[in-house]
Each structure stands twice: as C-alpha cells, then as structure tokens.
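Chemist: Using numbering that gives the first Met the number 0, the first residue of the sequence shown is number 0, and each one after it goes up by one. For glycine and all other residues, C-beta sits at the position ideal for the given N, C-alpha and C. Just so you know, these numbers come straight off a predicted model, no measurement behind them.
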Amino acid sequence: MEGKKILVTGGTGQVARPVAEALAKRNEVWCLGRFGDPGVERALTERAITTWHWDMNDMSPTALDGVPTDFTHVIHSAVRRGEDGDFDAAVEANSVATGRLMTHCRDAEAFLYVSTGALYARQTLDHAYRESDPIDGVADWLPPYPVAKIAAEGTARAFAQVLGLPTTIARLNIAYGPGGYGGVPMLYFKRMLAGEPIPVPIEGQNWCSPLYTDDLVRQVPLLWEVAARRATVVNWGGDEPVGITDCVRYLEELTGIAPRLVPSEVTRETYQFDATLRHKLIGGCEIDWREGVRRTLAAHYPERLLANAGA
C-alpha cells in the first residue's frame, strides 16, 4: 500500500503503533491520541508521522476540529477499557467516539474498527469461536470492556450503512510482538520473573489464537480491502490454537524460569478462534507462535534467553 492518507487512533499501543510505523514508509500517516508519554510522540514524529492530540472521552462536537477529513483509510484502535468500573462512561466514550470518527472520515475508502473476542458468550475452554457465535459481554477480569466493545460494534455497523462507509469490524485475539510491552506473553513472563502466582483453570487450560506483530501489520491493508457498507465482521487472530499454560511452559523452556501456576476459579479468560472466515477473506499467517514468542522474549528480555533456546 502506498500513496494513501491514513488515520490511526490508539497509535501508541501494542496494535496500532507498529501498523502506523510500517505504513508511514510509503503513505501519509496521522496518529490521534492523548500521548501521555511524550517520548512515544517524538518517536512517531521522527518516522514522519503527524501526531494530533485527541481524547476519545471528549464528547464535544468540536473534538475533531482541525483534523483533516480527506483520509483514504482509517484504523480505529483507541479504546476506553473501563478500568475505573464505570460501564456507562465506557459505553458512551467508545460508541460516541466511533460514530464521530466515522462521520468525520465518511468519504474514506475503508474504515477498520478493532474490536475484541472477549465479547463472545463463554463456552468450553477449548471451543473455537466463530463470528456467528452468541455474544454476552461478560469478562470477570475487566467487566466494562466487552460491554463497551459491543456498543461500539453496534455504532460501527449503523454508521457504515447510514454513511455508506465501507467498514470492517475485526475482533482481535491476543496481539503480541517485540514492540510496546510485548503483549500477554510478556505480562505472564513479568509475573514469572517476580515469582507471582499465575491463575490457571482448575481443569484444562485457557486457549487463544495469538497474532504476531508481523502478521498483524501485513493483514491490516487486507482487512481494508474486504470492508463493506454492511460491515464485514471477522475474527482476527493467529492460525494456531495455543494453550496459555503451554505458552507459559514454553517461556520456562526458553529461560529456565519456573512459573507459579495456581489453579483458580477466576482467570484471565482467553478465546480460541475458528479462522475459517479470515482465511477465506484475507488468507493465513506466516509466523509460528513459538518463533513469535521467542522473538518477543529476545526483544524484551535478551539477557534471560538461554543459549540456543528455541533453536
């Protein structure tokens, strides 16, 4: 992709930042965000990315004043997750921001909304979730988060049809890689380093479909290509089902650091995806999850990687 004008929200995060940096090599890229860390904003600017201060909690109709409207493509990854426990504020911020952003960029060729697999109604630990599976928005580890995502998905579907704006809603699994904080595998490794307990199901293990940065970046333009005025909804994850316990044990294999796995009634639930529709729409992934985890660990904790680990 080249010669396009691209708007990115959440450009300081694990998902959108590597996308913005990669696309900026051949396109004009703008990143909107709060930029609480000025170092990140400087780093983006050094890559010829235009930054613009925008807070999605700002409900005023002038919140996007001064931002151009002639973007050809948009990826909306910014989110109010709801760590404060305020469901209403999370729903309002995410849905209103999505609607305003889509209206502002109504003439774009394609709009990509980054949603989450956490909105699916929980079934068995090893169930492979399809796009047609029931949703309920229940997540004990962060209750407002999936509820807000469901609300924002509804907004995206409505505005796609009302505005005639081709849209893809991509329900993201676990994104991980060398950039940012590394993703969920590195969160678990930090717990391992600190000797902290890692809650796991009493029976079985949580399964997921982790998506490595290289595949994520490569697939964004493909997700734009399949956008439709009746929004395309697709699961966005890796090809391989990965057990969280297996992932933690692989980190142990790479580093020699043993995890404290504690059986628990409440864990950070993850979701394995059925990749059939994604394969049909945009094809498969290229990076094996073990190689991805090894590369991520080598980027964040090179001193902890055992000699020849993962080779």
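Any chance the stretch 114-128 sits against the stretch 179-196, with 3 or more Cβ pairs inside 8 angstroms?
Modeler: Segments in contact, no.
Chemist: In this structure, how does DSSP classify T244 when only helix, strand and coil are distinguished?
Modeler: Three-state DSSP puts T244 in a helix.
Chemist: Could you tell me the boundaries of the beta strand (DSSP E) in which K4 lies?
Modeler: Taken as a continuous stretch (DSSP letters only), the beta strand (DSSP E) holding K4 covers 4-8.
Chemist: Which of the three DSSP states, helix, strand or coil, is assigned to V233?
Modeler: Reduced to three states, the DSSP call for V233 is strand.
Chemist: Which whole-angstrom value is the C-beta distance of T166 and A226, which I expect to be below 8 angstroms?
Modeler: Between A226 and T166 the Cβ distance is about 5 angstroms, and since that is below 8 angstroms, they are a contact.
Chemist: Alpha carbon to alpha carbon, what distance is there between P196 and L260?
Modeler: Using only the alpha carbons, I get a separation of about 6 angstroms.
Chemist: Who does Q311 pair with in a DSSP beta bridge?
Modeler: The shown model of the chain, from 0 to 310, leaves out residue 311, and the question about it has no answer.
Chemist: For Q218, which three-state DSSP category applies?
Modeler: Q218 falls in the helix class under three-state DSSP.
Chemist: Are the stretch 232-245 and the stretch 297-308 touching, with three or more C-beta to C-beta distances below 8 angstroms?
Modeler: No: the two stretches stay apart, fewer than three of their Cβ pairs being nearer than 8 angstroms.
Chemist: Tell me the rounded alpha-carbon separation between D213 and V90.
Modeler: For D213 and V90, the distance between alpha carbons rounds to 31 angstroms.
Chemist: At a cut of 8 angstroms, does the stretch 25-43 reach the stretch 4-13 through at least three beta carbon pairs?
Modeler: Because the criterion of three Cβ pairs below 8 angstroms is met, the stretch 25-43 and the stretch 4-13 touch.
Chemist: What is the residue span of the beta strand (DSSP E) that L111 lies within?
Modeler: Here the beta strand (DSSP E) through L111 covers 109-115.
Chemist: So, under 8 angstroms CB-CB, L164 and R105 are touching, yes? Tell me the CB distance rounded to an integer number of Å.
Modeler: Correct: roughly 6 angstroms between the Cβ atoms.
Chemist: Which one or two residues does DSSP pair with H75 in a beta bridge?
Modeler: T8, Y112.
Chemist: Give me the residue from Y112, V199, E224 with the minimum Cα distance to T269.
Modeler: Among Y112, V199, E224, the Cα nearest to that of T269 is on V199.
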